[in-house]
Every structure is written in C-alpha cells, then in structure tokens.
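K.L.:
Residues in the sequence shown are numbered consecutively from 35, following the working numbering.
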Amino acid sequence: MQEHLDRDFHEDGCHSERCPSSYSKIVYRDPRNLAYLMEEFGGHQDKVARMRPPLERSLTHWMYLMSPMGTQPAVNDGGRGRFDYNLFVDGGRSFNRPDFLWTAKNLLGATVDDFVEPPSATSMDFRPSGFAVMRQDWTRDSAYLVINYGPWGGGHSHADIMSFELFAYGEAMAVDAGIGVSYDDPNHRPWYVTSKAHNMMVFGDQNLDRREAVGVNPIWGTGDNMDYFSAEHHGYEYMGISHRRHFVFVKPNSSVPDAFPYFLVFDVFSSAKEPWKASFVLHSPMPSLGRGAGHFANDSAGLLVITPVAIEANSGTGLANLGGVSSPGRRPIEWLSLDQLTVGQGMVDDLPVVLFPYEGDTPPYVLVRRRENPGPDGTIYLTVTNENITDHIIISDGSYHSYLNGNLNTNAVCTVVRAHTNGTYLSHSSVGGSRLNYRGVDLDP
35 MQEHLDRDFH EDGCHSERCP SSYSKIVYRD PRNLAYLMEE FGGHQDKVAR
85 MRPPLERSLT HWMYLMSPMG TQPAVNDGGR GRFDYNLFVD GGRSFNRPDF
135 LWTAKNLLGA TVDDFVEPPS ATSMDFRPSG FAVMRQDWTR DSAYLVINYG
185 PWGGGHSHAD IMSFELFAYG EAMAVDAGIG VSYDDPNHRP WYVTSKAHNM
235 MVFGDQNLDR REAVGVNPIW GTGDNMDYFS AEHHGYEYMG ISHRRHFVFV
285 KPNSSVPDAF PYFLVFDVFS SAKEPWKASF VLHSPMPSLG RGAGHFANDS
335 AGLLVITPVA IEANSGTGLA NLGGVSSPGR RPIEWLSLDQ LTVGQGMVDD
385 LPVVLFPYEG DTPPYVLVRR RENPGPDGTI YLTVTNENIT DHIIISDGSY
435 HSYLNGNLNT NAVCTVVRAH TNGTYLSHSS VGGSRLNYRG VDLDP
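1. When burial is assigned at 16 or more other CB atoms within 10 Å of the CB, is Leu-338 buried or exposed?
2. To the nearest angstrom, report how far apart Leu-93 and Leu-401 are at their CA atoms.
3. Rounded to the nearest angstrom, what separates Asn-182 and Cys-53 at their Cα positions?
4. Taking buried to mean at least 16 other C-beta atoms within 10 Å of its own C-beta, is Phe-75 buried or exposed?
5. By Cβ distance below 6 Å, which residues in the same chain neighbour Ala-202 in space, the five residues on each side in sequence not counted?
6. Would you mind listing the alpha helix (DSSP H) stretches within the segment 84-158 that are 4+ residues and don't spill past its ends, in chain order?
7. Would you tell me roughly how many angstroms separate the C-alpha atoms of Asn-422 and Arg-404, rounded to the nearest one?
8. For Ala-446, does the three-state DSSP call read helix, strand or coil?
9. Please state whether DSSP places Ser-461 in a helix, a strand or coil.
10. By the DSSP assignment, the alpha helix (DSSP H) with His-49 in it spans what residues?
11. List the DSSP bridge partners of Pro-391.
12. Going straight from the alpha carbon of Val-37 to that of Leu-460, what length do you get?
13. Looking at C-alpha atoms only, which residue of Arg-365, Gly-363 and Asp-384 is the closest neighbour of Asp-373?
14. Applying the 10 Å Cβ sphere with the 16-neighbour rule, what's the burial state of Arg-278?
15. Assuming contact is defined by CB atoms lying nearer than 9 Å, are Val-302 and Val-382 in contact in what I supplied?
16. According to the neighbour-count rule (16 or more other Cβ atoms, all chains shown, within 10 Å of its Cβ), is Ile-213 buried or exposed?
17. Hey, Trp-369 and Val-315 are a contact pair by Cβ (cut 8 Å); roughly how many whole angstroms apart?
18. Ignore the nearest five residues each way along the sequence and tell me which others in Asp-46's own chain have a CB closer than 8 Å to its CB.
19. Measuring CA to CA, which of Asn-332, Ala-208 and Asp-261 is closest to Ala-231?
20. In the DSSP output, what is Leu-353 paired with across the bridge?
21. For Asn-120, count neighbouring C-beta atoms within 10 Å of its own C-beta (all shown protein chains included) and say buried if the count is 16 or more, exposed if not.
22. Between which two residues does the alpha helix (DSSP H) containing Asp-40 stretch?
23. Looking only at its chain, what residues have a beta carbon closer than 6 Å to the beta carbon of Lys-139, apart from the 5 residues adjacent to it on each side?
24. State the CB to CB distance for the pair His-426 and Val-451, rounded to an integer number of angstroms; the pair is presumed to be in contact (CB under 8 Å).
25. Do Asn-443 and Tyr-472 count as a contact pair if the criterion is CB distance below 9 Å?
26. Within the same chain, show all residues whose beta-carbon is closer than 7 Å to that of Ala-306, passing over the 5 residues directly before and after it, in chain order.
27. From this set, Glu-308, Gly-255 and Pro-224, which residue's C-alpha is nearest Asn-241's C-alpha?
28. Checking 9 Å against the spacing of the C-beta atoms, do Ile-195 and His-280 come in under that value?
29. Alpha carbon to alpha carbon, what distance is there between Val-82 and Gly-350?
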C-alpha cells in the first residue's frame, strides 16, 4: 500500500491516471482506511505517519479542483458528480484542516459544528499533474475556470489538452461532454473521448495525439486583480501544427467591486505547410440564443462569447454527462465552434475570445476591440469595455513595448490595466515583468 502511495500519485496529490472522480476516490479510500485501522488497532505509528501526508495532499488537490457547485470536473474517464462531503469532514478532523471542513459545510452541505475557515488561496496551479484553477472566491456564485494541461494518464485519457470548464453565478456555463453510461456505450469512442467533445482548440476536425499532448513551458501568475496561465503543446505536431493557449481571468477588485468577472482565452497557432481549419470549441448546458459569436443563457444567468472581429460560427448538439450541475443529468447539450483557416507555411495565426458571464436575464453591453500592437506575432493588445470601465489587456513576449500612443508601457508577459473610459487609472496587475507605466506614472508591476 505504501508503494501505491509513493508511485501511483503525483507529488501534488493527484492520482497518476488524472481522473478526479470515482477511481481516484477508491485509491484514496483504501489507504485511508488501512491507516485508520493500523493506528486504531495496530499501533504502527511509524507506518501511519508515512501514509498520512500523501492522503492530505490528495484532499487538498480535490478541494481546489472542486467547482462552486461542489462537483469534480469530468476529466478523462472520470464522471462528473458532487463530491461526498464525508471525505472532507473526515479529512478535516483527521488532518486538523478547517478549510476541508469549510468546504464540506459551505459547498457540499455538510452539518459541521467544528471551527471552519475558507481555504487560504482561491486560485492554484498544480504541477506536475497539470491542472490550473482560477477562482474569484469560495462562494457558490463564484466565477471559476479549471484548465486541464497535464500529461497522458494511461488508458482512461481523453483526447484533450488545454481544455477548460467554466462556472459562474451558480451555473455550469461551459463543460465537456464527460463520459457515457459505461465503456461499452456506443458513443464512448466516437464521441466522449474525442477532441471535439471538449472545450479546446481542434484542428482539422481531428483528434490530437494525447501521448504527445502535455502543456509545456507553462507560465502562471495569480493576484487580487488577475490570474494568468499559458502553455503550449505538441498534440497536433503530427499535422505540422504548433499551439499555445493563454488564459486571463479579470477579477473585480476594491477599485470597482461590482464589476463583472470574465475570462480571455487567446490561442496562438501555426501550421508548417498547408492550411488547416482551426476551431475554438465550447460546450454549454445552457440554451444557445445564437447572437454574435455566441450567447448561452437561461432564466438566471448567461455567457457571452465575444470576438473583436466577426468569425464563422457553427453549432450543433452532443450527448453530455451533467451529473450534479444540470437536470436531466444525461442529455444532449449545444456546442459552438468558432472556425477559421490557418494561413499555413509557418505563418502565425491567433484567435482571442472573451468569455463574459453575467447574472440575470439581461446581457450587459460589452465592447471588445483589438488595438494597435507593437509586439511580435503571437502577442496582442486588447481592450474590453463594459459600462464606464475599460480594461487594457496585453499578452506579450516579455520585451519592453509602448502601447496606447505611448501612454502604456511595459515589459510584462501579461498586463491588465483597469481605467475609466475617460482614461483615469483604477487598478492594475501584471505577470512576468519589471516595468509598467500608465499615462506617465510608474506602477509597481
């Protein structure tokens, strides 16, 4: 059993097969039960002391991956569903972790009289298992995005990389298809495990090579105003395609506490020879209203999918396992595909997409503009305007560049400067830089 704990788990607590649901629970449960019995009846304190740290790491990993609705992400052959709060109640008491108990009480509905406190962090990057989580806070209404960029995990792996799931305002807004009823489900191989069944970039309608698809050269940064993650992969190298995906989470902050949280996904890709169709694929359990690039909504919330310029949009439906996030739990849901052709011949293409969740039945007005960018190919300067706020978002190469007619200057890899529409500074955040100046004022990067 100790060999299992030492060799079958990543050092960050994730099981090697990267299925955060039933199988991972089983491989946690058995050593946990053995440790309990040995401690209670056998007196093997030295062996128990060695078993406990990896068990605590596994619970920590699950806690941060947990959606605001209390569900685990449907990664690989792991089914979607609510976590069992007993795991976190037991773990909270066993490891003296009031954050486990807080999660059990506030997200999973457990009755807990113990002292509780929310987890110390909201967003987290787990390496080497390859999951990044962006979260606004620990409420059920929190904006949340989980990114799967980790290695192939064996036969349970699906053909996805740099894929994501998105929740906000108590709703699942973008999820992957999950898994069928069983492995002999007739849709298992033709649909559930395919690249197109996940929220990712798909090229030429083909499945990527999952054994070659792992996020490499990752960059991660988290702060009060912004989270940033990016990585590249070689899953489509067999087609001559390179791809790097950037995620930016723009958060409300003390300067504008009632601002909407939203996400920018920026894909940069190139094909070495012939052009290929590049598709930004997104699946939502909410009905599509078919406006603009994409708009999904129900009576209580919605998700705007916005591009700075018009792009070809195609749609359809596919079966999905929605256990714990929508009813009925197994039904067709709608997918959106934003399609463009790569230029080919090694030329760099990109596609910026803003994912803007909102609450209520009236979508906000959001203007996304691509601005003049002095950086090289594969970088971007974008503004996002909502009401009287404009966010200046820069994703660059780490070299010093001047933007906004010399009024915005930085060498950061990612920068968000929030201002009133009249230009008055409100707040900023950056990752990977040492210099930032806005309208003549040096800002702490």
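Positions of the beta carbon are idealized from the N, C-alpha and C atoms, including for glycine.
Since the structure is predicted, the reported quantities are computational estimates derived from the model, not experimental observations.
P.N.:
Looking at the atomic coordinates:
1. buried
2. 41 Å
3. 11 Å
4. exposed
5. Ala-177 and Pro-391
6. 119-128 and 132-140
7. 18 Å
8. coil
9. strand
10. Where His-49 is concerned, there is no enclosing alpha helix (DSSP H), given that its DSSP letter is neither H nor E.
11. Leu-337
12. According to the sequence displayed, residue 37 carries Glu and not Val. Whole-angstrom Cα-Cα distance: 53 Å.
13. Asp-384
14. buried
15. yes
16. buried
17. 6 Å
18. Arg-91, His-95, Phe-160, Arg-161, Pro-162 and Ser-163
19. Ala-208
20. Pro-366
21. exposed
22. 36-41
23. Val-146 and Val-150
24. 4 Å
25. yes
26. Gly-274 and Gly-380
27. Pro-224
28. no
29. 52 Å
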